[in-house]
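Trainee: I am attaching a structure below and will ask some questions about it afterwards.
Chains as they are written, first to last, in our numbering: chain A, 1 to 115; chain B, 1 to 115.
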């Protein structure tokens, strides 16, 4: 079945450092890859997404890359700040003609940014 | 503009009981998806409703059922509760657009504890 693996499970960095989280997906038909940030006691919040026709996307300090051949995608956060501390989830989805899609999530990465 | 709302926030039940969780989608959205998030894990897709019909279903037993109302709000019902049903139940809403990617917005979740 569909599966998304995510690494590392925990990541500790110093403020100002960069953080990289990597995911691998199994369903070669996946074509939409969102990243969510989940803070304690809250639901996941979309922070950036990438579609299969794009190799890289950037939004201020956040960037995502996609390697369709290897079925890998990664989240890059530069100049980390303490407020970036949260659990980050990658997800993969197959968006088809029906407009109905389900998200398959990774297991999450707990990012801790120390001042 | 209200986002996705869920009720109740927390719920404690005993094994064998039945529970109903409620979700109101973001204004303008017509599709509701439900996810189960066990502690320390990523969300897992339960099912998705559109036009009051179940459109997709994940690998969950028939004890999990749902409903969507004409105003697009939704309920998740779980019968014969097991200890393993203890989790955060997340509702996500989206606007169905055929042939493209439909961003899913998540609510804060309902924390269900089964004793």
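Ideal placement from N, C-alpha and C gives every residue a C-beta, glycine not left out. What you are looking at is a predicted structure, and each value in this text was computed from that prediction instead of being measured.
(1) Once the 5 residues before and after residue 80 of chain B are set aside, which same chain residues still bring their CB inside 7 Å of it?
(2) So, does the CB of residue 66 of chain A fall closer than 8 Å to a CB anywhere in chain B?
(3) For residue 61 of chain B, would you say it is in contact with chain A, using Cβ-to-Cβ distances shorter than 8 Å as the test?
(4) Go through the segment 4-32 of chain A residue by residue and report every complete run of the beta strand (DSSP E) that reaches 3 residues or more, in order.
(5) Run the CB neighbour count on residue 31 of chain A, radius 10 Å, all protein chains shown included, and call it buried at 16 or more, exposed below.
(6) Hey, how far is the Cα of residue 20 of chain A from the Cα of residue 108 of chain A?
(7) Is residue 5 of chain B close to chain A, meaning its C-beta is less than 8 Å from at least one C-beta of that chain?
(8) Need the endpoints of the beta strand (DSSP E) that residue 7 of chain B sits in, please.
(9) Tell me which residues share the same chain as residue 8 of chain A and place their Cβ nearer than 7 Å to its Cβ, disregarding the 5 neighbours each side in the sequence.
(10) If you run the structure through DSSP and keep just helix, strand and coil, what is residue 83 of chain B?
(11) Taking any Cβ of chain A, which residues in the segment 40-69 of chain B have a Cβ under 8 Å from it, in chain order?
(12) Which residues in chain B have a C-beta closer than 7 Å to the C-beta of residue 98 of chain A? List them in chain order.
(13) Go to residue 92 of chain A, then tell me how far its beta strand (DSSP E) extends in each direction, as first and last residue.
(14) Whether or not the segment 78-88 of chain A and the segment 52-66 of chain B are in contact is what I'm after, with contact meaning three or more pairs of Cβ atoms, one per stretch, closer than 8 Å; do they touch?
(15) State the Cα-Cα distance for the pair residue 92 of chain A and residue 104 of chain A, rounded to the nearest angstrom.
(16) Return the first residue and the last residue of the beta strand (DSSP E) that residue 56 of chain A is part of.
(17) By Cβ distance, which residues of its chain are closer than 7 Å to residue 103 of chain B, with the 5 residues on each side in sequence left out?
(18) Using a Cβ-Cβ cut-off of 8 Å, state whether residue 104 of chain B counts as contacting chain D.
(19) Cutting at 6 Å between CB atoms, please list the residues of its own chain near residue 43 of chain B, excluding the five before and the five after it.
Mentor: Taking the structure as given:
(1) 16, 63
(2) no
(3) no
(4) 4-7, 10-14, 19-25
(5) buried
(6) 13 Å
(7) no
(8) 5-7
(9) 109
(10) helix
(11) 40, 41, 42, 43, 44, 45, 48, 50, 55, 56, 58, 59
(12) 98
(13) 86-92
(14) no
(15) 5 Å
(16) 56-59
(17) 94
(18) Here chain D cannot be found, since the structure's protein chains are A and B.
(19) 35, 37, 90
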